[in-house]
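Trainee: Right, I'll just put the structure down here and ask away after.
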Amino acid sequence: MRVLSVCSYPNEAAATRFRVGQFAEPLRKRGIEIDVRPFLDSKQFEQFYRSGEFAGKVAGVAGSVLRRLSDVLRSPKYDLLLVQREAMFFGPEIFERLALWFGIIPLVLDLDDATYIPYKSPTYGGIGSALKFFGKTDRLIKRSAVVICGNRFIAEYVESQGTRAVVIPTVVDTSIFAPREKKHDVPTLGWIGTHSTFPSIESIYPALERLATKHRFTLRLVGTGRSAISIPGVEVDNLPWSLEREPADFACLDIGLYPIVASASASDEWLKGKSGFKAIQYLAVGVPFVMSPVGVGAEIGINEETHFNAESNDDWYNALDSLLSDPQMRTRMGGSARKHSLENYTIDKWSAVLADVLFSAIDGAGRR
Numbered sequence: 013m014r015v016l017s018v019c020s021y022p023n024e025a026a027a028t029r030f031r032v033g034q035f036a037e038p039l040r041k042r043g044i045e046i047d048v049r050p051f052l053d054s055k056q057f058e059q060f061y062r063s064g065e066f067a068g069k070v071a072g073v074a075g076s077v078l079r080r081l082s083d084v085l086r087s088p089k090y091d092l093l094l095v096q097r098e099a100m101f102f103g104p105e106i107f108e109r110l111a112l113w114f115g116i117i118p119l120v121l122d123l124d125d126a127t128y129i130p131y132k133s134p135t136y137g138g139i140g141s142a143l144k145f146f147g148k149t150d151r152l153i154k155r156s157a158v159v160i161c162g163n164r165f166i167a168e169y170v171e172s173q174g175t176r177a178v179v180i181p182t183v184v185d186t187s188i189f190a191p192r193e194k195k196h197d198v199p200t201l202g203w204i205g206t207h208s209t210f211p212s213i214e215s216i217y218p219a220l221e222r223l224a225t226k227h228r229f230t231l232r233l234v235g236t237g238r239s240a241i242s243i244p245g246v247e248v249d250n251l252p253w254s255l256e257r258e259p260a261d262f263a264c265l266d267i268g269l270y271p272i273v274a275s276a277s278a279s280d281e282w283l284k285g286k287s288g289f290k291a292i293q294y295l296a297v298g299v300p301f302v303m304s305p306v307g308v309g310a311e312i313g314i315n316e317e318t319h320f321n322a323e324s325n326d327d328w329y330n331a332l333d334s335l336l337s338d339p340q341m342r343t344r345m346g347g348s349a350r351k352h353s354l355e356n357y358t359i360d361k362w363s364a365v366l367a368d369v370l371f372s373a374i375d376g377a378g379r380r
């Protein structure tokens with residue numbers, strides 16, 4: 013089977029890398045050749061999140077549109093169209109429609125986020141939101157033979173639209189995201205995210221400041237998009253995100269942080285559709301963590317065995333105080349986290365499910 017997979021962003025984007033790209037080789041072993049075609053290339057992706065350079069961005073998008081048209085012309089060579097969220101990060105679903113019409117092939121949609129819920133773009137504001145054409149997700153759902161969903165909340169929505177849904181969580185390669193020896197003089201608490209999710213880590217600053225009056229620790233923040241970060245009493249290590257360094261950034265931590273809070277660009281309903289991926293990364297590297305039990309996050313791992321759930325600032329303080337006070341607890345919970353990862357969130361397990369979904373769409377078993 014040959015699959016044309018279209019997505020908005022290149023491999024630097026987590027959704028492309030972990031929802032599609034890393035499955036290419038496991039799927040090949042199961043008789044499925046997947047051709048991943050991002051709308052933006054790596055250089056454009058980096059450029060788009062810098063201010064200015066308007067002319068360069070417009071020229072780049074024009075080139076991407078032409079490449080998408082060539083994808084449409086090539087679509088008859090494939091057996092299936094796999095769309096990771098959308099073929100293009102703005103505008104209506106014109107390329108998906110053209111590929112289905114011209115290629116006469118079934119569509120499988122992959123949703124790791126609740127993209128059917130409108131939100132305000134943290135980078136481009138109301139203009140960016142208007143260009144998103146949020147209604148296209150519903151239309152793509154209805155045209156799909158089956159929709160792959162990052163969690164059960166998205167799956168429930170898809171099924172309410174009359175289309176079959178299969179839940180496949182976002183996982184990592186556990187041979188790459190694996191425990192590593194730590195050589196810290198003091199414990200390291202850490203968070204790896206993006207500029208758009210930075211408000212979440214800011215929400216627990218009061219708990220971290222309070223902890224610093226009792227414990228010495230380093231706070232490692234990666235991908236904040238801020239040039240400088242200061243929290244009274246806290247030693248902060250603020251680093252830019254790096255694709256090459258990502259597994260090491262997770263594995264070097266003694267304690268992971270995963271706060272989730274609503275913001276201007278992420279409503280409670282939007283957050284409910286998140287796939288809890290950071291928790292799955294912490295589990296894989298065997299790092300105990302504290303997280304907000306929001307949406308499917310409340311169902312990942314085992315509370316008080318692999319991690320602690322926390323809702324209030326007091327919850328955050330108490331959970332982190334316990335972990336900082338007891339190195340043996342950190343070791344024990346980290347071991348349980350790694351074991352849970354190997355039992356539930358491996359590429360081998362979920363690539364088999366993905367292969368079955370793609371074959372079902374071809375033979376018609378997944379069609380309404």
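Using the working numbering, the first residue of the sequence shown is number 13, and each one after it goes up by one.
Note that beta-carbon positions come from the ideal geometry of N, C-alpha and C, so glycine has one too.
Here the structure is a predicted model, which is why all the values come from computation and not from measurement.
1) Tell me whether P50 sits in a helix, a strand or coil according to DSSP, three-state version.
2) Going by C-alpha distance, which of W282, V15, V234 is nearest I116?
3) Should H319 be labelled buried (16 or more other beta-carbon atoms within 10 Å of its own) or exposed?
4) How is the alpha helix (DSSP H) around L366 delimited, first residue to last?
5) So W282 packs on A126, CB below 8 angstroms; how close in whole Å?
6) Quick check: the Cα distance between S348 and G298, rounded to an integer number of angstroms?
7) Measure the C-alpha to C-alpha separation of A36 and G43 and round it to an integer number of angstroms.
8) What is the rounded straight-line gap between the Cα of L93 and the Cα of L201?
9) Report buried or exposed for K41, applying the criterion of at least 16 other Cβ atoms within 10 angstroms of its Cβ.
10) In terms of alpha-carbon separation, which member of L52, S17, Y169 lies closest to A25?
11) Please classify V198: is it buried, with 16 or more other beta-carbons within 10 angstroms of its beta-carbon, or exposed?
12) Quick one: what's got a C-beta closer than 6 angstroms to F146's C-beta in the same chain, skipping five residues either side?
13) Where N163 and G307 are concerned, what is the direct C-alpha to C-alpha distance, given to the nearest angstrom?
14) I'd like to confirm the pairing. Which residues does DSSP put opposite E168 in its beta bridges?
15) In its own chain, which residues sit with a C-beta less than 6 angstroms from the C-beta of V273, not counting the 5 before and 5 after it?
16) Rounded to whole angstroms, what's the CA-CA distance from V365 to C161? Just pull it up for me.
17) How would you call I292, buried or exposed, if buried means at least 16 neighbouring beta carbons within 10 angstroms?
18) What's the C-alpha gap between I314 and N330?
19) Extract the residue ranges of the alpha helix (DSSP H) inside the stretch 301–354, only unbroken runs of 4 or more that lie entirely within it.
20) Determine, using beta carbons only, whether D333 and L265 come nearer to each other than 8 angstroms.
21) Does DSSP put V273 in a helix, in a strand, or in coil?
22) Excluding the five sequence neighbours on either side, which residues of its own chain have a C-beta within less than 7 angstroms of the C-beta of A377, listed in chain order?
23) Specify the secondary structure class of V297 as computed by DSSP and reduced to three states.
24) Classify S20: buried if its beta carbon has 16 or more other beta carbons within 10 angstroms, exposed otherwise.
25) Rounded to whole angstroms, what is the Cα-Cα separation between K89 and A111?
26) Can you give the Cα-Cα distance for L220 and T186, rounded to whole angstroms?
27) When the Cα atoms are used, what is the spatial distance from K154 to L121?
28) What residue from E193, G346, A190, I106 has the CA that sits closest to R151's CA?
29) Rounded to whole angstroms, how far is the Cβ of R342 from the Cβ of P300, which I believe are closer than 8 angstroms?
30) Would you check if the stretch 360–374 and the stretch 172–185 touch, i.e. whether three or more CB-CB distances between them fall below 8 angstroms?
31) With respect to the beta strand (DSSP E) encompassing I204, which residues constitute its N-terminal and C-terminal limits?
32) Quick check: what's the CA-CA separation for V246 versus L231?
33) My parser needs the beta strand (DSSP E) runs of 3 or more residues fully inside the stretch 178–260; what are they?
34) What separation, rounded to the nearest whole angstrom, lies between the Cα atoms of H207 and L233?
35) Rounded to the nearest angstrom, what separates P104 and V159 at their Cα positions?
Mentor: Taking the structure as given:
1) strand
2) V15
3) buried
4) 359–375
5) 6 angstroms
6) 7 angstroms
7) 11 angstroms
8) 42 angstroms
9) exposed
10) L52
11) exposed
12) P130
13) 9 angstroms
14) DSSP lists no partner for E168.
15) S212, S215
16) 12 angstroms
17) buried
18) 18 angstroms
19) 325–337
20) no
21) coil
22) Note that A377 scores 38 on pLDDT, short of 50, meaning its location in the model is unreliable and no value can be drawn from it.
23) coil
24) buried
25) 11 angstroms
26) 30 angstroms
27) 10 angstroms
28) I106
29) 5 angstroms
30) yes
31) 200–204
32) 7 angstroms
33) 200–204, 230–234, 247–251
34) 11 angstroms
35) 19 angstroms
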